[in-house]
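In full-length UniProt numbering, the protein residues as written are 1 to 1031.
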Amino acid sequence: MSVSIKVCIRCRPFTIDDTLGVVMTQKGDEEGEVELINSSYSTTRFAFSWSWWSAYGYKRHVKGDPLPADNMLLVDQTMAYEACGNKIKADLLGGNAVVLFAYGLSGSGKTFTVFGPDAVDIPEAWFKHEEPHPMWGIFPRLAYELFKEKQDGWKITMKYFQNVVDTVRDLMSPMAQEQQYKSGMRKDPDGFMDIEWCQGVVLKDWNDLRRTFMSANSRKAIAPTQFNHQSTRGHCIMTLEVEKPDPDREGMKQRGRIYVCDLAGTEPAGDVVYANYQKIQFDDGTIEMKYLGPHSDPAKSKELQDQGKKINLSLTEMAQFFMKMAEAVQKKTLKPGASIPGCNSYFLCKYLKDTMLQARTYLFCAVRPEVTYHNYTFSTLGFAKNASVIKLQPKKASTAASPAERKLMAELDEMKNLVSMLKAENEKMAKAGGGSGGGSEQVDKLSELLAMKQKQLENVLNGDGDDGGGSGVKSAAKVQEETMQRQKEEYEKRGISLTFFENKTTLPYLINLDVDAYRSMRFMFILSQPSTVVGIKGDIKPMSLSIVDDHCWFEKSPESVGEDGVDTGGVVTLVVGRGEVVYNGKKLESGAKVPLVAFDRIAIGNELMLFRYPGREVPGTEAPTADDAAKEYQEALQSQDKAAMEALEAQKRQFEEERAAWEKQKAALEQRRLSHASAEEVADQERKLQELAQQEKARLARQVNDQELRDVLPKINELKQIVGVLNRDMLSFETALKGAGGDGEGIPQVKVKVHNSITDETILLDVFEFVKAYALLKDEVAFLKNAIANNREYSSPQGHDPITLLFDNSFHVGSVTSFPEYLLYNLETDPDESKMNLKNAVPPFNTIGKLEVVWTPLSSDDETKHDAAAVEDVDGPDDLVGKPWTYKLEIKQALGLPMITDLAYCQYEFLGEIFTTESVEQNTRNPAFNYAHIHHIPCVTPEFVQYLQSHRLEFQLFINPYILDPPKDAISTSNDAIVRNLGGTVQVKVPYQELDAKVHALEASQAKLVDEIAYLRQIFKAATGAYVIHP
1 MSVSIKVCIR CRPFTIDDTL GVVMTQKGDE EGEVELINSS YSTTRFAFSW
51 SWWSAYGYKR HVKGDPLPAD NMLLVDQTMA YEACGNKIKA DLLGGNAVVL
101 FAYGLSGSGK TFTVFGPDAV DIPEAWFKHE EPHPMWGIFP RLAYELFKEK
151 QDGWKITMKY FQNVVDTVRD LMSPMAQEQQ YKSGMRKDPD GFMDIEWCQG
201 VVLKDWNDLR RTFMSANSRK AIAPTQFNHQ STRGHCIMTL EVEKPDPDRE
251 GMKQRGRIYV CDLAGTEPAG DVVYANYQKI QFDDGTIEMK YLGPHSDPAK
301 SKELQDQGKK INLSLTEMAQ FFMKMAEAVQ KKTLKPGASI PGCNSYFLCK
351 YLKDTMLQAR TYLFCAVRPE VTYHNYTFST LGFAKNASVI KLQPKKASTA
401 ASPAERKLMA ELDEMKNLVS MLKAENEKMA KAGGGSGGGS EQVDKLSELL
451 AMKQKQLENV LNGDGDDGGG SGVKSAAKVQ EETMQRQKEE YEKRGISLTF
501 FENKTTLPYL INLDVDAYRS MRFMFILSQP STVVGIKGDI KPMSLSIVDD
551 HCWFEKSPES VGEDGVDTGG VVTLVVGRGE VVYNGKKLES GAKVPLVAFD
601 RIAIGNELML FRYPGREVPG TEAPTADDAA KEYQEALQSQ DKAAMEALEA
651 QKRQFEEERA AWEKQKAALE QRRLSHASAE EVADQERKLQ ELAQQEKARL
701 ARQVNDQELR DVLPKINELK QIVGVLNRDM LSFETALKGA GGDGEGIPQV
751 KVKVHNSITD ETILLDVFEF VKAYALLKDE VAFLKNAIAN NREYSSPQGH
801 DPITLLFDNS FHVGSVTSFP EYLLYNLETD PDESKMNLKN AVPPFNTIGK
851 LEVVWTPLSS DDETKHDAAA VEDVDGPDDL VGKPWTYKLE IKQALGLPMI
901 TDLAYCQYEF LGEIFTTESV EQNTRNPAFN YAHIHHIPCV TPEFVQYLQS
951 HRLEFQLFIN PYILDPPKDA ISTSNDAIVR NLGGTVQVKV PYQELDAKVH
1001 ALEASQAKLV DEIAYLRQIF KAATGAYVIH P
């Protein structure tokens, strides 16, 4: 039986004073409607399953007539769950897969609807409340009821991971595991997608879920933006699988599962800024985060924007998938549950597309009530409308119970029946006045046996007990526990402790810092001895390739407790040896000695550490952030080059002078604009203000470039070492500045140029992409070192080979630029001019291929109603003013590219909006896009005419290069070159034929020796007459 996606639109409270932009109406059980008001859109009414108005406090913000808002029913968290929660629970317990999507702008209430408050540092967080709370979202209420209803034979397993651009982070892993997103993505036997390497944890009860989720959620990548002080930087997916006995089929189990998908915000990446907030706590205990403005470091905003561009690709692909599916459904060319080809390039569709089509899917879209956000609201409603018509074909998953499970379940049922019978008999005897007759003792004993059987069944379900078949299969939790214990032991051999195990230590220690919070504070150097040496052969042997022998050491003085009971001893002193050490932003010379105090920052080689001393830290003092420590360290590295430092200081002075001058000019122009001035003077001042704004933008871009260069150059140097030891020295790296425009004009951006000398191919990476690859490869070196030291086999995931990791990225390879003025005359693109030259994105901006782009005028924005004869002739641009303008744009294909593509897509900007073709996966130099979009202006204005006359349209081509000739040797402990490079001992491998020949020679030698021994025994016997006693 086919079903549709159930769609809910929920409107959050006002955040600014504005006119009401939406009216939400719920007419029946699953009859909701959203109407856009005070808008210029032609389509204003949208029908969905549910339409919830949750704009509490609207009276304080709404401008104009409040009556439409007064007439709407306010829907709180309880009402939201009552509307759909029981349906979701019934689907789940019926053995279905259930997908819950949360979609919308950052800060629009997506997470609040599905989870409720979930920040680990606030008291309202749903997992900090054991009993139902008014702020709980749909999932906590569902899970609470689920565990209340849990029975014998049920097994509930949780996974929780986050997709950040091209990687997946296992939020359940205490060791912060992450891999390239394609690694381990497989369909399970029931046809549902899974990421095999992510840890699954069996949950015992409701409190176990709360603890597990809180721990995992603390590892989530978040950042403060102007939309949300804790904006999730990627897509978070939590799965909960419920395995329970099938009531209709003996010996079988149902496997229901729920996918809670909290997607990244849908706002354009260019709109996002890294924000500053002030935490305000009121007398009643409530907390409010007040937005103060963008962060002073514009590099932080740029990193978020660069990440956002990549994240938006997956959201765009999902929107394209829904749109194509909706079109196919409406044309009746698609069966329920069937998919369409393509739309399978990025994590979101690759993971969810097929699963969603065979699940019962609920889409929760969050919108804002203000007119200001109408363009975002209209886009969200369009996405939801397409989703609402898609037909699904849900299927149920099941599995057979093991012999041990069936046996234990039968015994449990028998014992439960016996306990019930005895209880009933005791009650009957008690009423008759005959006493219990000792029956209560039997009941107690049976109850104890019942509890033991229940525990035994739980162990079998969790994989911790004998399954009756002697399979020896271990549970995921058991495997993870053993892996953690092995890692603990292996790191301890290097003198390194894992924070997961040692976070309660009372000894002084160093803990690692990383600007990526997911990687920060994972490792500790505990200073337990009077003298602790750090170095290649020291007490502590860090993984970094920058560490040398006797790098440095730490001396700890003996305890000295005075009469007042205060210990003035135990002072830790840093002593610099042969290695490079930076202390609180200053490079120390060899032999230097520095007494340490809590929160000192120490860089040992390139390992940035924070000194902590439990019991010696001033209460209330906050530790420095990883960002601050990293910035301090970068400036220290820069200061080692005196000339570079002087240039940097001069650059800072120039930066401050330019900013002061800009502020002064801006204030003067603003003052003059507000004074009595003519229209011409006002226009001239507006132009000057725009020029000043552009200058300020360029100034900030230079600051960003300087910051990124300081950050990435040390990592480039270290990555050269890393690829060398990994036997990938064909790779080289250098920084490059790429102009924003197709001809190199515009504000430049820092890129990292990666070159493969064997294939002579080059790729340009954003700084954040390069840093991510650098971090993953550092991890691989650490894993290989540990495995070699412990004589254990290890192979890196295929996606973590440096060539794959660095080249399997989309990058801007080139652009074509066109001048659209001819579109004012309703002229179509001349066939001879449709194939435009594609210019290289970096110097020398040479032609590297062609891109075929065609514009065709239409008489209607509905192409099916187009009549070529009805397209008006336009003599001059002014003739268009007040009339509609409609064109169909086609991007057909790229031709003659210098590289074979694995994936390709195009982007262009029109009237301030970014448009993206579908990402096509074709191994060719001529990728075909077959993209078409109708651009329609209902009423042409003089501003639009000016736009087409003066604007340049740029079509940017992005590709993932196809890796032509990947290296044949694996990144593993079986690679002799890598083992040698990492200081290990290579075991000589003798060919089989040679070993076989040696065996035959030894066998022949043994036979000869046996004959000689027999001969000697005979001689001995003949000479002495005695027998030789065999040993």
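All residues carry an ideal CB built from backbone N, CA and C; glycine is no exception.
Taking the alpha carbon of residue i as the point to measure from, which residue in the options has its own alpha carbon closest?
i, options, result
"residue 1036", "K310, P369 and Y259", "Outside the modelled stretch of the chain, which goes from 1 to 1031, sits residue 1036, for which no answer is possible."
"I122", "F955, I536, M214 and V582", "M214"
"F321", "I340, E303 and Q305", "I340"
"K187", "K253, Q230 and T355", "T355"
"V940", "T886, T44 and G585", "T886"
"T25", "K335, N717, F46 and R141", "F46"
"N727", "G251, L827 and P967", "P967"
"N344", "G337, K335, T333 and L313", "L313"
"E954", "E852, Y181, D879 and L784", "E852"
"V597", "G615, G591, N606 and E589", "G615"
"W206", "K150, A223 and Q177", "K150"
Tell me, which residues are paired with residue i by DSSP?
i, result
"W126", "Partner(s): none; W126 has no beta bridge."
"R616", "DSSP output for R616 lists no bridge partner at all."
"R45", "E35"
"E555", "S531 and T573"
"S215", "For S215, which the question treats as bridged, DSSP gives no partner whatsoever."
"I540", "V534"
"C8", "W50 and F364"
"T973", "DSSP, once it has assigned bridges, lists no residue as partnering T973."
"V23", "E35"
"N837", "K850"
"E761", "N756"
"L903", "N960"
"T225", "Y274"
Just confirm the distance between the C-beta atoms of residue i and residue j, as a whole number of angstroms; I'd bet it's less than 8 Å.
i, j, result
"L731", "N756", "6 Å"
"A775", "D600", "Not quite, the Cβ-Cβ distance comes to about 24 Å (not below 8 Å), so this is no contact."
"I5", "G21", "With a Cβ gap of about 25 Å, I5 and G21 do not count as contacting."
"Y274", "P294", "7 Å"
"P797", "M484", "Not really, about 19 Å apart at Cβ, beyond 8 Å."
"P898", "I848", "5 Å"
"S49", "E267", "25 Å between Cβ atoms; not a contact."
"V767", "E708", "5 Å"
"C8", "W52", "7 Å"
"E635", "G585", "6 Å"
"K159", "G200", "5 Å"
Grab me the residues of residue i's own chain with a C-beta within less than 7 Å of its C-beta, minus the 5 sequence neighbours each way, in chain order.
i, result
"L948", "P820, E821, L823 and L824"
"L648", "The predicted position of L648 is uncertain, since its pLDDT is 49 and thus under 50; a value taken from the coordinates is nonetheless stated next. Only Q638 meet the Cβ criterion."
"V164", "A221, R233 and G234"
"S471", "Low confidence applies to S471: its pLDDT is 38, below 50, so where it sits in the model is not reliable, and the reading given next is rough at best. If we look at S471 and ignore the five residues flanking it on each side, it has no Cβ neighbours."
"S108", "R12, A366, V367 and R368"
"I1013", "none"
Note down, in chain order, each residue of its chain lying with its Cβ closer than 6 Å to the Cβ of residue i, except the 5 sequence neighbours on either side.
i, result
"L737", "P748"
"F139", "V114, F115 and V260"
"D539", "G495, T532 and V533"
"P508", "L527, V572 and Y613"
"G912", "none"
"C236", "Q162 and D262"
"Q956", "H812, S815 and Q907"
Tell me which residues share the same chain as residue i and place their Cβ nearer than 8 Å to its Cβ, disregarding the 5 neighbours each side in the sequence.
i, result
"K839", "G742, D743, G814, S815, V816, T817, F845, N846, T847 and I848"
"Y103", "K110, L263, T266, L363, F364, C365, A366, T380, F383 and A384"
"V781", "M543, L545, I722, V725, L726 and L982"
At the 8 Å Cβ level, is residue i part of the contact set with chain D, yes or no?
i, result
"A80", "Absent here is chain D; the protein component of the structure consists of one chain."
Counting pairs of beta carbons, one from the segment 873 to 886 and one from the segment 925 to 939, are three or more of them closer than 8 Å?
yes
Pair every Cβ in the segment 85 to 95 with every Cβ in the segment 250 to 257, then say whether three or more of these pairs are closer than 8 Å.
yes
Validate contact between the segment 59 to 74 and the segment 13 to 20 using beta carbons, cut 8 Å, 3 pairs:
Because the criterion of three Cβ pairs below 8 Å is met, the segment 59 to 74 and the segment 13 to 20 touch.
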